[in-house]
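What follows is one structure encoded as structure tokens, with my remarks underneath.
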Amino acid sequence: MDIPDELWKHLYDAAGWLIAQHMDFLKLLIAKVPALQP
Amino acid sequence: MTTSLSPADQRMAAAFSNFIDLGYVLMSDIMELTETESESRSQSWRRNYIRASIALVEGFGHCLREICAVGCSACSTPSISPKEHQVLNAENDFDTGERIKLTLRVAYKLFELQPAPNFAGREWTQARWALRRGIDSCTRRLQLTWIFPMNFGSISMTLRAG
Chain A
-1 MDIPDELWKH LYDAAGWLIA QHMDFLKLLI AKVPALQP
Chain B
651 MTTSLSPADQ RMAAAFSNFI DLGYVLMSDI MELTETESES RSQSWRRNYI RASIALVEGF
711 GHCLREICAV GCSACSTPSI SPKEHQVLNA ENDFDTGERI KLTLRVAYKL FELQPAPNFA
771 GREWTQARWA LRRGIDSCTR RLQLTWIFPM NFGSISMTLR AG
């Protein structure tokens, strides 16, 4: 069940991209909805 | 001063509250792992990072679907496709990748946000491949079944021998 270096690079990049899409959504939503702003 | 919310507004407020609470918990897990990134050659660190990433994306997606389901029932959103409607009501009909894509598309449409994620690019193709490969690598021996209670303050997880 080891994750070799070559596979790890792809998984890490993909996870980063997926997380970034959700964070981008959150940033846009907060910018648009004043009630969500701190 | 007291403000009485309509039932739809109460549902939306609860869905947003879950979204924020769960997002905070799941992002904390990622941030904590990122602080020890120097250990990323360790196999357990790698598996934990993949698990935490998948939990974040799936958890966010689940909460977004709740928000969108309330939003779509409260107002007409004609640009939402039948498949996008379906993912809000029957998320288990779709695999992880399809769920993520359809949910983000609905959420961007519902809140009229731009620019929407690019699902036509190389990054998405790689992400779909990695989702299949990563989930398989990290959960081969244990099938993870997430149970999302109404209150996301605490997340319960059932482990079932695969």
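Top to bottom, those sequences are chains A and B. The working numbering puts the first residue of the first sequence at -1, with every later residue one more than the last. The working numbering puts the first residue of the second sequence at 651, with every later residue one more than the last. The beta-carbon is built from N, C-alpha and C at its ideal position, and this holds for glycine as well.
For glycine 771(B), there is no enclosing alpha helix (DSSP H), as DSSP gives it neither H nor E. Taking a contact to require three or more Cβ pairs closer than 8 Å, the stretch 727 to 744 of chain B and the stretch 706 to 718 of chain B qualify as touching. Contact check for arginine 755(B) and glutamate 734(B): beta-carbon distance about 6 Å, within the 8 Å limit, so the pair qualifies.
Inclusion of arginine 715(B) and threonine 686(B) in the CB contact set at 8 Å is not warranted, their separation being larger than that value. The beta carbons of leucine 9(A) and isoleucine 17(A) sit no closer together than 8 Å. In this structure the stretch 21 to 32 of chain A lies against the stretch 758 to 765 of chain B, because at least three pairs of beta carbons, one per stretch, are closer than 8 Å. Annotation: the stretch 679 to 759 of chain B contains no complete segment of the beta strand (DSSP E) (minimum length 3 residues). Alanine 665(B) and isoleucine 717(B) have their C-alpha atoms roughly 5 Å apart.
Beyond the five residues adjoining it in sequence on each side, leucine 683(B) comes within less than 8 Å, by CB distance, of Trp695, Asn698, Tyr699 and Ala702 in the same chain, given in chain order. Glutamate 716(B) has a beta carbon lying at 8 Å or more from every beta carbon in chain A. Of all residues in the stretch 753 to 765 of chain B, only Leu754, Ala757, Tyr758, Phe761, Glu762, Leu763, Gln764 and Pro765 place a beta-carbon less than 9 Å from a beta-carbon of chain A. Nearest neighbour of histidine 20(A) by Cα position, chosen from Ser692(B), Ala757(B), Gly771(B) and Pro732(B), turns out to be Ala757(B).
Rounded to the nearest whole angstrom, the C-alpha separation of arginine 772(B) and arginine 782(B) is 16 Å.
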